[in-house]
Structure formats: structure tokens, C-alpha cells
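Protein chains: 2
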Amino acid sequence: MKREKSVHPKADALYINKLNKIKVLGLIRETGPVSRANIVKVSGLSAPTVTRIVDGLIHDEKLVVEVGMGSSSGGRPPLLIKFNGEQNYVIGIDLGATFTRGALSNLDGKFIKEIRIPTRLESGFNAIMEDLSDLINRLSIGNTRVRKQRIFGVGIAVAGLINKRENLVEYSPDFDWYNVDILIALEKSIEFPVIFDNVTRLMALGELSYGAGQKLQNFICVNVGYGIGAGIIVDGKLLMGADGFAGEFGHITVETDSDIQCSCKKYGCLEALASGRAIALTARSRLARGQSSLLVELCEGDVDKVTAKMVADAARNGDELARNVFYRAMEYIGIGISNLANIFNPELVTIGGGVSLAGDIFFDNIRKSVDKNIMQPTSRKVEILPVAFGENAALMGAFALILHRVLNLDI
Amino acid sequence: MKREKSVHPKADALYINKLNKIKVLGLIRETGPVSRANIVKVSGLSAPTVTRIVDGLIHDEKLVVEVGMGSSSGGRPPLLIKFNGEQNYVIGIDLGATFTRGALSNLDGKFIKEIRIPTRLESGFNAIMEDLSDLINRLSIGNTRVRKQRIFGVGIAVAGLINKRENLVEYSPDFDWYNVDILIALEKSIEFPVIFDNVTRLMALGELSYGAGQKLQNFICVNVGYGIGAGIIVDGKLLMGADGFAGEFGHITVETDSDIQCSCKKYGCLEALASGRAIALTARSRLARGQSSLLVELCEGDVDKVTAKMVADAARNGDELARNVFYRAMEYIGIGISNLANIFNPELVTIGGGVSLAGDIFFDNIRKSVDKNIMQPTSRKVEILPVAFGENAALMGAFALILHRVLNLDI
DNA sequence: AAACTTTCTAAAGTTATGTAATTTATTTGA
DNA sequence: TCAAATAAATTACATAACTTTAGAAAGTTT
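Chains B and Z, in that order, give the protein sequences. Each residue of the first sequence is one higher than the last, beginning at 1 in our numbering. Each residue of the second sequence is one higher than the last, beginning at 1001 in our numbering.
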């Protein structure tokens, strides 16, 4: 099953209209309450065209509403319109190995209802899908103000390799899934359109739709948690790759002759050296060798309970062992990000995921490493910031996934 | 000077016509002599529309010609048309540190005339620009069959960092140029449109337009010569980055604590460890330490004369030192390519540049390293092949640069 | 030679856009 | 206070490109 060579779709009158509709809707969404006259100015479209398109968006799609009059500047006052985010909804799911979080949100990204359930990891795929289906149904009912018809769909963020050609989760180490079909599993019980994608890519998509992407079109969103991944935005579009596997940033090699094996079986992967799991494992093995450290207290004597968070905490308190381990991991991440930056020339790199919650000790060390390893041709500097939405990043991405589908943002 | 957020241009009747024209022209170019009826089938456009568009391409743009009748399949025989590559021309320049090659070619990529001059590297930017202007003028005259009006422009491939926002060569280590303006330097004496870009990116563009790109839309073209770079094709488009610096593959870090410094001042860059220059330097330093090797004969006793080519030749003949040096370099390149593949999920990686001319010893070792370092989720395998046009790759890219402009391929 | 096929073109109808004129609602100024 | 000026939104009409339908052109088949 080869992907078709991407060609522009057949262009006819309807296609023009669709293009212009998308353009107008995008402008309304971005520039908030705005007059038709203003849209005429920035869109380059003629006034009658804008009027007609806006009418359609108000009465047919119901994605736009009038919000009253603006102030006159010496003539007829403008009728302001805005994106009708508040009366249109999406459901987002962050399917994690320990918890599954679901949220009903309006199209402005505002949470209406949120449910969090433990993930029955051991019970297998079918059990998890049943829980998921319950969760979605619970989110979609019980709120009188949310009309079911205005729920556009369900976006699901999954950790793992997503095969976009076949629409399968090809491999998920966290869940130990191989080629599972989420869509088929849910289609009987869910009446909304369901779309899923890799959690890290969705973080990037969320950032694109609700965060940094409002201004930037080339940036990278890195996830440093139990594993490591990257969502890459090129010219305002998510990088997918030929099969949809793009962004496996955790499995780039940053140490040539490393003897540390990754969960992917390779040696010297960034994920094997710098992920939350790697940080914990490295600290544990050092402790097991008998080195003294604050960590012994933090884990209450049970070395196997040491987590990346503990290592970060101990490092922040000046613990020698923890510092060595944590700083080294940040150096590797900095190298990885520098590599991405040299290849992509992005304007910004945002970082999210559990380990990033360590804060300054995390970002400062990464920035130091990036400064050392990036090729800086001139005064250009790549900004490195936390993701806009913290632990909600994946959910925001799931919203954005549906939003994109609704707004037809990717022609 | 910020780049505008990329929005679809205003869509009106003229715009759909342009879109469809591009589509039809593309189909004609790809499917060779073809009937209007056939274009109707694959394009999805109606027959009258195809007739009208083809008429325009024949009589107005003169980019298409009729080439006679096809054979009937039980009805009126088709009138075959094809892309008029033969009567439309481009000039391509490969501006190298030692030689400058220029070629006049038709739009099918067939060379009409070729000139090669030594590059007066020491004489500075202005002298080189004068030589370049002479070269272009010599290419554009003296052929009675080539009408000057049908020469669409000049594409120039330059080694170095190209700032696309300002249209400058921001930095070229080979030429020691900082922020030079090629367009201004040439505009007085050259009457054709001039466009330039990074040599490696152009190799990729050439591959896209005349080589692998006929079938693939996601691939990477790596250049391993004096330096190392990559041109990356994502969904049929060249990756540029926010400022146009994308593809600095040579400066990704592949060895964390390396003490080998790169020309970019960093340590552990791929280019510092595996470029032609690096291979030669490493071999020289080993020889200087007194290790015995075939290389001593090949360089006729003068260690400073050792080149990457000699190292490859000696390695091919079983020389121990040369093998160690060359194989190690290939291992690094394989790691670099694996990193690219993990991030981009391409269908193909092609490799060109001086060092790649070493042939099997080059490709076999790289493939071995890639097999070791790439994350292979399933049976998927990234193909690694030589570039389609060998030492002409950069010229083909320069042609493609103009071709793209002419055909408006990037809306 | 008549009927059938296939290719290409012409005429008429559709759709969405743009231009120009018009309506609407407010501010400005005599 | 009320007409003139100004700005926003709409209506009416012209335009451009597409599609559908119909038909002409140029072969093959029976």
C-alpha cells in the first residue's frame, strides 16, 4: 500500500470556496472578535465574498458567532464576530501506561469536564478499550449545556509507533501492543469520529494550535518522560514521514560505542541514556555500587524505588551522585536537541514530559549543552522553553487533532 | 525581517486555473507522450478543461508540444503531447572551491554545452563573480539553435550556509565568505533570473525533479565530500528551516566526549569525524605516528599529500591502517544517517559527493552501520543508494531550481 | 458502407469571485 | 439640530473557470 504522490486536489469553484473559507475561519480564530471589514483587509478577499463566507460559517457550520458592535471610527460601527469555540466541543484522551485521562473541552481549549481513571495495563488491549469506551461515553453525556451533536470527535494520544498508512498502533513498548487497531475496537460503542496519534506528535500539534504555533511555523516539541520523542512542525505542518513513523528522536544514537542497551535493542540511544527511566536506572546502579548519596534517604532505603524525580530533587540539593547522573543526562538531551536544531533550523524548541517538571535544573543544563553543541552561524539562537500546557499538553494535542479535522486545516 | 506565516494565497478563478495548469503540466512531464484523454482520466478534470489548458501550454507558455498520433484502440486515435523540454533551457552552475562547472541544459536535463574553469579562490569574491558572469555569458551565446529568450534562468549551487530570508551566502567556509550577495554581484552583467542555493540541498532537488523523486516524496540526499551536508525532501518539498539553514547534517554530534574539533569550532561533529577532510587528516596523523601502511607508497612518501581517495584505495587493498580509518568514518556516517532516518522516516537515502565515489567499500560499510543503528520497527528497511547523477548531481539540482521556478512547482 | 468507438471541441449552464453601486449606521461640523 | 462625511455591510451585475451535455472528427469493426 503505497501512498499516492501528493498532488493538489482537483481545483474547481467549490475548492476555491473551501480554501477561502478556511482562510477566513483561520483569521477569525486568530484575531479574536473582528469585523468583516477587517477580514477584508487582511485576507485580500473582496467584501461581498467575506460577507457570504461569514454568513455560511455562522448559519451552516455554526463555527462563528456575532458578538455585538465595535466602536465606530467615524462611520457605521463594525459588527464583531468571533470563533464559536464555546459551543463546539471535542473529547481528548491521554492514554498513559498508569493513568488514562480524558477531557471534554470546547474548541477554545477550555476544559468542561475531566475524568481520570487508572489504566488496567495488565488486563490487555480489550479491557483497556472497554474502559476507554466507558470513559468517552461518560464524558459525552451528563452535561445539559453540551449538545451531543456539537461534539466533533475524539482525539486519542498514545505512546508508541503509529503506522499512519494502516491506521494501527504498530508497536507500543509501554503497553506491549503490536499492530492493534484502536479504531475498530471503539467503532461499535462510540458514535463520534475517533482519531489517534503518537503522544509526542500531539503535544506538538497542541502547541501549534493553541500555543507557540500562533506565531511560529517551524518548531520542535520534545517529550522527556519515561521515553523520549519529538513532534516536529515544519512550515506549520506536523512532520509525519513516509509511513507516519517520524519523530523517533529517542532512538538517535548520541554515544557511538556505548554499552548501554535501549528498550529498542540498540546501543547508545538518547532514550537509553537520558530518559526518566534511564536516569532512575543509572542512579540505582550507582547506588548499588555503594556510593553514598542523599538518594538513600529519599528512597527510604529501597534502591529500586529511586525515580528520576528523586534524582532531580537530590541534584537540586547538591547531591554529588545525583548531580553527575542528572547533569550527564541533560548533556545528552542537549546534544540531541542541537542535532535537531542543526538539521531543522527551528525557531523554538519546547520541552515537556515528566522529567521536564524538574524545572530550572532541567532547562538550565540543557541550554548549557545546546549552547556548546549547536552550530551557531551568526547571532541566531534557538529558544528552549517548557511546553505551553504542562501535563495537559497531550490532551491539548488531542483536541487539536479533531480541531484540525473539523477546520480542514490540512487540505 | 520575519517570514510571513504561510497562508494559502487568495483563491479566485485565476488561482484554480494556475493550480490545474500546474497539475496538467506535471502529468504531461511525468507520463511522457500522452493523450489529452489520458490526462482527463488521471487528473479528474473534465475533457474541455484539459483541452483548454493544454492549448494554453502549447501556444502561450510553449512548454508543451504535439508529437503526432498514437495508435487507435477502436476509435479516433489520440493526439499525443509531451513536455517541451528540448526547446527550453536552463543554465546550471556548480561553484566549487577548486573548479567551477557550468552547463547549458534543456529542461529535460540534457546537457547542451558544458564549461569548466578553475576557481580563483585566492582572488576573492569579486574576481570569482566576474569569472562566473563570463562563464554564464559564454554558455548563453554561440549556439544558434538555442534562442536566448527560451533560457529561463541561472541556478547556482554554492557550498555554505544560505540565508534564505536575506538571500545571502551567510557563511561559506570553503570560500571564506561572510554575508556575500551573489545576486547583486551578478545582476549588472546577467540578463537572466539568477537563483542560488546550498549545493547539498540542490542535489536533493535534482534528485526530486529528475531522479528518485519521480516516485518518492520523502527522501534524503546526503553529500559526503570535503564537508558533509544533507538535503531533505519532506512530502515532495525541500526542507528549508526557519531561516533557510536546514540540513546542516555535518554538524550533528555523533561522539559525545570527542576531542576532535570541527571547522565550526565544535567537538565531535560528524563532519570532523567522517568527511573526506577528516579521513585524510586522521590517516595522516596515524602515519605521522609511524604506523606502516600502503599509504606511504600511494602518497609517494609525502604524508601531507594523503587524500581520502588514497585511504579508500588502500582500504580496498586490505591495508590495516586505511581500513581502520575508513571503516570508522563509515560507521559514523551510518550513525548519522540512522539518526536522520529515525527522525524523518524517509523511504530512501541517497549519497553523493567525492568520498561516495569510493563505491562498494563506502556503501557496504555505511549500510552495515545503518543496519546496526537504525530503529527497525518492522520489516521496513531504508534503502541507501548512490545519487542518480554522480558528479553532475549539483548541476542537475541547479537546473531543477530554475525548473521549479518556471513551472511554479512550489505554490 | 453502416455502425461503433474513441478523441477532441463547442455551446450552454453552474459556481464563486470581483467591481460598482447601494443601504445602513454612526460621527462630524455648520 | 440636521445635513454632510465616513465607514461597514449588502445587493446587483459582470467575469472567469469549471462541468455537463451535445456534437464533430477520425479511426476500427462487422
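Don't be surprised by glycine CBs; every beta carbon is placed ideally from N, CA and C. Note that the coordinates shown come from a computational prediction; the quantities given were computed from them, not determined experimentally.
Residue contact with chain B for Z/M1203: absent (no Cβ-Cβ distance below 7 Å to any residue of chain B). A straight line joining the alpha-carbon of Z/S1369 with that of B/H251 spans about 15 Å. Looking at the DSSP output, Z/L1104 bridges to Z/I1091, Z/K1113.
Residue state for B/N345 is assigned as coil, using DSSP reduced to three classes.
Scanning its chain for C-beta atoms nearer than 6 Å, with the 5 sequence neighbours on each side dropped, one finds around Z/C1269 the residues H1251, C1262, in chain order. Under the 10 Å beta carbon count, B/T100 is surrounded by 16 or more other beta carbons and is classified as buried. At least one C-beta of chain B is nearer than 7 Å to the C-beta of Z/E1347. Interface annotation, Z/L1019: in contact with chain B, CB-CB separation under 7 Å. Comparing C-alpha distances from Z/T1256 to each of B/A230, B/T350, B/I374 shows the shortest one belongs to B/I374. Comparing C-alpha distances from Z/Q1217 to each of B/A242, B/V194, B/D313, B/R120 shows the shortest one belongs to B/A242.
Apart from the 5 residues on each side of it in sequence, Z/L1135 sits with its Cβ closer than 8 Å to the Cβ of I1093, T1100, G1102, I1115, I1117 in its chain, given in chain order.
Z/N1167 sits away from Z/G1353, with the two beta carbons spaced by 7 Å or more.
Taking a beta-carbon distance threshold of 7 Å, Z/F1175 does not count as an interface residue toward chain B. B/V194 and B/V154 have their C-alpha atoms some 5 Å from each other. Any Cβ of chain B closer than 7 Å to the Cβ of Z/K1010 would place that residue at the interface, and such an atom is present. When Cβ-Cβ separations below 7 Å define contact, Z/A1388 makes no contact with chain B. At least one CB atom of chain Z sits nearer than 7 Å to the CB of B/N342. With contact defined as three or more Cβ pairs closer than 8 Å, the segment 299-309 of chain B and the segment 272-289 of chain B are in contact.
In this structure, Z/D1131 keeps its C-beta atom at 7 Å or more from the C-beta atom of Z/I1162. When rounded, the separation of the alpha-carbon atoms in B/V146 and B/N106 is 9 Å. Of all residues in the segment 1245-1275 of chain Z, only F1245, A1246, G1247, E1248, F1249, H1251, I1252, T1253, V1254, E1255, T1256, C1264, K1266 come within less than 7 Å of chain B when Cβ atoms are compared, listed by chain position. Cβ-Cβ distances below 7 Å link Z/G1032 to K1082 in the same chain, with the five nearest sequence neighbours on each side left out; the list follows chain order.
Among the residues facing chain Z, B/G334 is not included, as its CB has no counterpart in that chain under 7 Å away.
Between B/I402 and B/V349 the beta-carbon gap is near 26 Å, outside 8 Å, which marks them as no contact. In this structure, B/L121 sits near B/A97, with a CB-CB distance shorter than 7 Å. Residue-level contact check: Z/D1243 touches chain B, since one or more beta carbons of chain B fall below 7 Å from its beta carbon. For B/S123 and B/I182, the gap between their C-alpha atoms comes out near 16 Å. Taking all protein chains in view, the Cβ of Z/G1075 is surrounded by fewer than 16 other Cβ atoms within 10 Å, so the residue is classified as exposed. Shown here, Z/V1024 sits in a helix according to DSSP, grouped into three states. Going by C-alpha positions, B/V303 is about 51 Å away from B/E30. Under the DSSP assignment, B/A157 falls in the beta strand (DSSP E) whose first and last residues are 151-158.
Taken through DSSP and simplified to helix, strand or coil, B/Q261 comes out as strand. Beta bridge pairing from DSSP links Z/T1350 with Z/C1221, Z/L1385. Counting along the chain, the unbroken beta strand (DSSP E) around B/I162 starts and ends at 161-163. Annotation for B/I136: the continuous alpha helix (DSSP H) segment containing it runs 124-140. Interface criterion not met: the Cβ of Z/N1365 is under 7 Å from no Cβ in chain B.
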